[in-house]
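Going by this note's numbering, the first residue of the sequence shown is number 75, and it counts up by one from there.
From the three backbone atoms N, C-alpha and C, an ideal C-beta is built for every residue, glycine too.
Fair warning: this is a prediction, and the values are worked out from it, not measured in the lab.
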Amino acid sequence: MKNKIIMISIQVVILIVAIGATWWFTSGSKPDEAAAPAGKPGAVEEKKLAPPEYISMAPSFVVNLQGERPMRFLMVEVELMTRNKDTVDLVKEYLPSLRHELNMLFSSQTRESIATVEAREELQKSALKKVNALLKKETGKGKVDEVYFTKFVMQ
75 MKNKIIMISI QVVILIVAIG ATWWFTSGSK PDEAAAPAGK PGAVEEKKLA PPEYISMAPS
135 FVVNLQGERP MRFLMVEVEL MTRNKDTVDL VKEYLPSLRH ELNMLFSSQT RESIATVEAR
195 EELQKSALKK VNALLKKETG KGKVDEVYFT KFVMQ
């Protein structure tokens, strides 16, 4: 009987040690504590982004491509994205000027210059630069975050 009590006691101790070790190794440190500087628990805060606002530049842009025989056309539907409400108002106010700048950019393209996905991404970046440059020149502020081509047809 004495041997049974000793065996049960040893098994209970081993079980408690196993549970404790499992808890110790799996709990680890919390992500906020690990990222926080020493002495300042919870100092890391996530910066919340404002919700995006989209501005349609309807109707679609339709331009002739440069140096093409027979004549080739490009149709692009453009959406602008910003997280700044003031920029939405600025874009709407300067929409004719923005359309002109983008029209000139699109009409300066050739079929070869927009044939690949990478080239279209570069055109997208150029469009973003044009939009932000015009807004900065005219108002000194305004920041469009992204330009999206929601339709892109070459014929």
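- In this structure, DSSP gives residue 169 a helical state, which the three-state scheme calls helix.
- Beyond the five residues adjoining it in sequence on each side, residue 180 comes within less than 7 Å, by CB distance, of 135, 137, 148, 150 in the same chain, given in chain order.
- Residue 137 carries a strand assignment under DSSP once its states are collapsed to helix, strand and coil.
- The bridge partners DSSP lists for residue 148 are 137, 228.
- Excluding sequence positions up to five before and after residue 124, its CB lies within less than 6 Å of the CB of 157, all in the same chain and listed in chain order.
- Rounded to the nearest angstrom, the Cβ distance from residue 228 to residue 173 is 20 Å, too far for a contact under 8 Å.
- Residue 203 is positioned such that its CB atom lies no closer than 9 Å to that of residue 209.
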